[in-house]
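In order, the protein sequences belong to chains A and B.
Position 14 of the first sequence, counted from 1, bears residue number 27 in this note's numbering, the numbering being contiguous throughout.
Position 196 of the second sequence, counted from 1, bears residue number 212 in this note's numbering, the numbering being contiguous throughout.
Contents: one structure, followed by commentary.
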Amino acid sequence: MSNDVVLISFLEKMIFAVLFVIAAIIFLRIFYVRFKLIQLGNKNDSFKFNFKKQFETFLLYVPGQLCNIRNIRQKDLAGLAHLAIFWGAILFAIDYFLFLLIGDGFGASKIIRGTGISITFLWITEITGIFMLAGLTSGVVRRGVIKPGRLGPDFEFQTFFLITFFAHVLLLCYFILEGCRLNLEPDYVAGPVSYIVAGFFSHFCAGAETQHDVFQFAWWVHNIILLGFIVYIPFSKHQHAIFFPINALINLSPEATDVFKPVDFELNASEQKQFGASKIEDFSRSQLIELYTCAQCGRCQDVCPAYASGKPLSPKKLIQDLRKSLDSKGNFKLLPLTKCYNESTDRGVLVGENISEDEIWSCTTCMACTNVCPVMLGHLDKVMDIRRGLTLMESRFPAEAKSVFKDLETFGDPLGMGSYLRADWSRHLNIKEISEKNKPDMLLWVGCLSSFYNRNIDVAISLTKLLNAAEIDFAILGKEEICCGDPARRMGNEYIFQSIAKQNIKLFKKYGVKKIITICPHCYNIFKNEYNQFGADIDVIHYLDLISDLLEKGKLNPRKKLDETITYHDPCYLGRYNNIYDLPRKILNGLSEANIIEVENNKDNSFCCGGGGGLIFLQEHIGERINELRAEQCLNTGAQTIATACPHCLTMLEDGVKSKELEGKVKVHDIAEIVQRVL
Amino acid sequence: MKIAVCIRYGTYLTTQLGFNPLDNTIRKESLVDKINAYDENALEEALRIKDRMGELCEVYVVTVGGPRAEEALRYCMALGADRAFHVCDSNLDSSEALITAAALFGVIKQLQCDLILCGKKGEDTCRGQVGNYLAEFLDLPVITSIVKLEINENGSKAIVHKSLGRGDRIVLESPLPAVFTVEKGINTPRYPTIISRLQALDKEITRFEREDLEREAKEIINEQHLTKLSTISLPKKRSRKVFQMDSNLSAADRLKAMLSGGGAKKKTEDNFIEEEKPEKAAEKLITYLKDNGFLVHIGQDK
Chain A
14 MSNDVVLISF LEKMIFAVLF VIAAIIFLRI FYVRFKLIQL GNKNDSFKFN
64 FKKQFETFLL YVPGQLCNIR NIRQKDLAGL AHLAIFWGAI LFAIDYFLFL
114 LIGDGFGASK IIRGTGISIT FLWITEITGI FMLAGLTSGV VRRGVIKPGR
164 LGPDFEFQTF FLITFFAHVL LLCYFILEGC RLNLEPDYVA GPVSYIVAGF
214 FSHFCAGAET QHDVFQFAWW VHNIILLGFI VYIPFSKHQH AIFFPINALI
264 NLSPEATDVF KPVDFELNAS EQKQFGASKI EDFSRSQLIE LYTCAQCGRC
314 QDVCPAYASG KPLSPKKLIQ DLRKSLDSKG NFKLLPLTKC YNESTDRGVL
364 VGENISEDEI WSCTTCMACT NVCPVMLGHL DKVMDIRRGL TLMESRFPAE
414 AKSVFKDLET FGDPLGMGSY LRADWSRHLN IKEISEKNKP DMLLWVGCLS
464 SFYNRNIDVA ISLTKLLNAA EIDFAILGKE EICCGDPARR MGNEYIFQSI
514 AKQNIKLFKK YGVKKIITIC PHCYNIFKNE YNQFGADIDV IHYLDLISDL
564 LEKGKLNPRK KLDETITYHD PCYLGRYNNI YDLPRKILNG LSEANIIEVE
614 NNKDNSFCCG GGGGLIFLQE HIGERINELR AEQCLNTGAQ TIATACPHCL
664 TMLEDGVKSK ELEGKVKVHD IAEIVQRVL
Chain B
17 MKIAVCIRYG TYLTTQLGFN PLDNTIRKES LVDKINAYDE NALEEALRIK
67 DRMGELCEVY VVTVGGPRAE EALRYCMALG ADRAFHVCDS NLDSSEALIT
117 AAALFGVIKQ LQCDLILCGK KGEDTCRGQV GNYLAEFLDL PVITSIVKLE
167 INENGSKAIV HKSLGRGDRI VLESPLPAVF TVEKGINTPR YPTIISRLQA
217 LDKEITRFER EDLEREAKEI INEQHLTKLS TISLPKKRSR KVFQMDSNLS
267 AADRLKAMLS GGGAKKKTED NFIEEEKPEK AAEKLITYLK DNGFLVHIGQ
317 DK
């Protein structure tokens, strides 16, 4: 492989070349089959490719390793090791291609290595190689000694150890090879580590013969391991290294608004249309390629409130089960080359043996999983598609959901209370009701919980008092208000949701509603981000926005300051869904003498109260209660008041506090109530 | 086996507060349009028989009422009914039981059914007469308020449990064909899949106009038997006997006194309320309820 000294014979090089070609064929064949498997999904017609945005995403997440760096904020340092391993792999790949394949393979070694750039490159590569070794070793220590739970529950340490061991050996062989060449070939240049190794060899095994033998041995060990990796990568989770960069380039990262796509219910005659996902092929291609980007790191599992409370749902397991379901459709044998699919008779029904109904119905739609995922995988859209399939195609849902759906259809609210009682809470308060003649600046959308549940009615009353004190011109819909549709959509019943949404939009048009202020973040989220799918065009704000504005402008004047300690629980639908973290903190800090005590899991790492995804209307049969876990987390701050800005969270956290028998000692209040208290 | 189910799609009061007894008006927001709940149970029972028998069983739904009732029929077909029949006339929406039964008879006699099911009563009218009149016209046996239905191998006989109220039942055997009216506890109605609701939008409904059935109906109805609604009123407030709580009694004894309606301590055989700490008493109560079959595990009804 050099100009003057023949270290490796021509025959050996040829054998290697043949083996390499075979390994490459296997590698390419597997990826080709996976590519064809992805084609089994639906084409995403509504997908619009935005080159600038995609390229930015690609640069941030792939070379920039943003997801791993971002997690360091959560004291998750594993990403640093990955940074070293990732960059090491890239640099060594370039090294192998330029210097070994082209340089040595075509006898241009001296020319390529001689330049200043090359020497700089070799130095950088070799130093990164040391960091890479450090990263790999730290990985072994972490998995062997610390054993983080998120890698489980079925983490195979032996396989991991074997792979990492061989990776260490590969790198060491590289340095040995370079070191020997420095001693055996004149005018050879390499990086600093190789010089150290060369020095070591010339000191301890002086003879050129010995070094020649060492070189040959190391060459073969190195190459066998390399070929092994080439064949192993497509069969393991390491394929994420190939799929994720591709996905980052061609797929938009899932925004919360993309998770819930509208379904077209137009049906031709006796067409058997599929709504939601009942089989793996019902997903779109963008969803299927994501399945291969999962590196099984388990961060999603760590942050999932359902998993933390003992439910069978693990986002990692779900994604892996879906991937296995997709893989089972593939024919991975080398020949025949054109046969990529496995014609099994198994229909490939998703919810059955591997994925249970309980898993699907445990999800609170909190989006903690998608938020923390280093490869930007969307877990939620897959759970929601499966839910839609279960509800719309098979009517398979928890028994309590049946009455929620029926009540929504018959009475217009998930509680079955009916229109007549809707505005009862406001009867003695002289609140203006919207009508043809009575068009206000903004519509106050009360929401189902704040209209019927006593505790949440208190919040509605507090808010109206605040609005009146600031002389805001607002009105409520009164008896004409029905549900915003969020529980229906989250529980997969897209059909009821669409009829509710269309009815509401017609109502808004009838009264010329231009601006809506909501109490509940679920109503806020769905009006702001999802109603435009049906042609709505309204300005929607959550009341925190208005209150903050009024306090700032002095239209609301707090007369006293609170001297109690407060902690704030970030509702999922305000925080992760809509990035509203600072507003409530600004309001509370302005009202209190003491600062807010932050819960350990706060802001975008907030732990769900357990009320989302329609689960507030269902029963929790398995494991612990999510709301009790969260209440405990909030209580651990020692604060006297737990503040929140969502009726679901308020209900769930109060229940949690009651179950800890701290009712009366620790208060759970909505921000509207707190503001109203100090006026 | 052919089963006919009679369905009523009507406007129902959701809350008593919606009715103003002073001027006999009903607030419109307290009204909802839906299928009579008892009829849903009747249809569910028919569908369960169909689930067991498969292809051999056909379920027909029949309704009498205005054009709005079509929505109900399509819902029923989405649930699994094979054919739907609609006697379409707005005047028949809230007609007298005798007339409704005559209209239903006009349709059902053409169907040659082995079993006819209806709800025990209308949620709004609460009279429960249609089933009886229908059976009379069809000259078939009738049993009302059934909570369990079993049909024998060859479909010639049925064993039914009839509810007598307060948990009491009697078990009756009836030859088929027959008419049974169904009580709520018999089953939990299923929820239609959306795909079947969409497919039901295109299915055919057999329509009958008033004129088709009027002549024959006039022959069987005796005009003198028609009844008329005179008044609706809310329950009168009655003075209640309030017993004096003797503070000398222990908590358990006071509870017993309250339950027995006041007065002296009663000595009963099953003395399960005893002087206990609340947690212990609650545990005992739950064990008692479980042992006597009052507590049922949720989720079994699917």
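Ideal placement from N, C-alpha and C gives every residue a C-beta, glycine not left out.
Since the structure is predicted, the reported quantities are computational estimates derived from the model, not experimental observations.
Check                                                                                                                                                                       : Outcome
Looking only at DSSP bridge pairs, what is SER605(A) linked to?                                                                                                             : LEU575(A)
I'd like the span of the alpha helix (DSSP H) that includes TYR245(A), first residue to last.                                                                               : 221-245
What does the alpha-carbon distance come out to for the pair LYS283(B) and SER249(B)?                                                                                       : With a pLDDT of only 49 at LYS283(B), under the threshold of 50, the placement of this residue in the model should not be trusted, and no figure is reported.
When you compare the CB of ALA280(B) with every CB in chain A, is at least one pair closer than 8 Å?                                                                        : Residue placement at ALA280(B) is poorly supported in this model, since its pLDDT is 48, which falls under 50; the coordinates still yield a value, given next. Chain A, which has no Cβ nearer than 8 Å to the Cβ of ALA280(B), makes this no.
CB ASP499(A) to CB CYS536(A), shorter than 8 Å?                                                                                                                             : yes
Taking Cβ to Cβ, would you say ASP315(A) is nearer than 8 Å to ARG163(A)?                                                                                                   : yes
Excluding the 5 residues flanking PHE84(A) on each side, which residues of the same chain have their C-beta closer than 6 Å to its C-beta?                                  : In the sequence under discussion, the amino acid at residue 84(A) is Asn, which differs from the Phe named in the question. Contacts found: GLY92.
Taking only beta-carbon positions, decide if LYS50(B) is within less than 8 Å of chain A.                                                                                   : yes
Shortest alpha-carbon distance to THR306(A) belongs to which of ASN538(A), PHE620(A), HIS251(A)?                                                                            : HIS251(A)
Using a Cβ-Cβ distance cut-off of 8 Å, determine whether THR160(B) contacts chain A.                                                                                        : no
With contact counted as at least three CB pairs below 8 Å, one residue from each stretch, are the segment 117-135 of chain B and the segment 219-235 of chain B in contact? : yes
Is the shortest distance between the beta-carbon of LEU214(B) and the beta-carbons of chain A less than 8 Å?                                                                : yes
Can you give the Cα-Cα distance for TYR74(A) and ALA261(A), rounded to whole angstroms?                                                                                     : 7 Å
Just by C-beta distance, which residues in the segment 208-233 of chain B are closer than 8 Å to chain A?                                                                   : PRO208, THR209, ILE210, ILE211, ARG213, LEU214, GLN215, LEU217, ASP218
Can you look up ARG90(B) in the DSSP assignment and give me helix, strand or coil?                                                                                          : helix
Could you check the C-alpha separation between SER375(A) and ASP277(A) for me, to the nearest Å?                                                                            : 27 Å
Verify the CB distance criterion: does GLU45(B) have a CB-CB separation below 8 Å to chain D?                                                                               : Within the model displayed, chain D is absent; protein chains A and B are what it includes.
Looking only at its own chain, which residues have a Cβ that is under 6 Å from the Cβ of LEU596(A), when we skip the five neighbours before and after it?                   : LEU557, SER561
Using a Cβ cut-off of 7 Å, which residues of the segment 67-84 of chain A contact any Cβ in chain B, in chain order?                                                        : none
Is there contact between the segment 637-649 of chain A and the segment 411-423 of chain A, where contact requires at least three CB pairs shorter than 8 Å?                : no
With a threshold of 8 Å on Cβ separation, who are the neighbours of MET406(A) within its own chain once the five nearest residues in sequence on each side are excluded?    : GLN287, PHE288, GLY289, SER291
Please state the DSSP three-state secondary structure of ALA658(A).                                                                                                         : coil
Please report how far the alpha carbon of VAL187(B) lies from the alpha carbon of ILE162(B), in whole angstroms.                                                            : 9 Å
Report the CB separation of LEU666(A) from VAL681(A) in whole angstroms; it is logged as a contact under 8 Å.                                                               : 5 Å
Distance check for THR204(B) and GLN316(B), CA to CA, integer angstroms please.                                                                                             : Caution is warranted here: a pLDDT of 46 is assigned to GLN316(B), below 50, making its placement in the model unreliable, and the coordinate value is therefore given only provisionally. Whole-angstrom Cα-Cα distance: 10 Å.
Any C-beta of chain A sitting closer than 8 Å to the C-beta of ARG84(B)?                                                                                                    : no
Between which two residues does the alpha helix (DSSP H) carrying GLU152(B) extend?                                                                                         : 146-154
If you draw a straight line from the C-alpha of ASP617(A) to the C-alpha of ARG643(A), how long is it?                                                                      : 15 Å
Is TYR354(A) near ASN344(A), with beta carbons less than 8 Å apart?                                                                                                         : yes
For TYR201(A), which residues of its own chain have a beta-carbon under 6 Å away from its beta-carbon, when the five flanking residues on both sides are left out?          : ARG194, LEU195
Please state if the CB of VAL396(A) and the CB of LEU331(A) are separated by a distance shorter than 8 Å.                                                                   : yes
Can you grab the Cα-Cα spacing for the pair ASP218(B) / ASP89(A), in whole Å?                                                                                               : 57 Å
Name the chain A residues whose beta carbon is nearer than 7 Å to that of THR31(B)?                                                                                         : GLY431, TYR433, LEU434
Exposed or buried, CYS496(A), counting other C-beta atoms within 10 Å across all chains shown (16 or more means buried)?                                                    : buried
Roughly how many angstroms lie between the CA atoms of LYS445(A) and ALA436(A), to the nearest whole one?                                                                   : 11 Å
Could you check whether the Cβ of SER672(A) sits closer than 8 Å to any Cβ belonging to chain B?                                                                            : no
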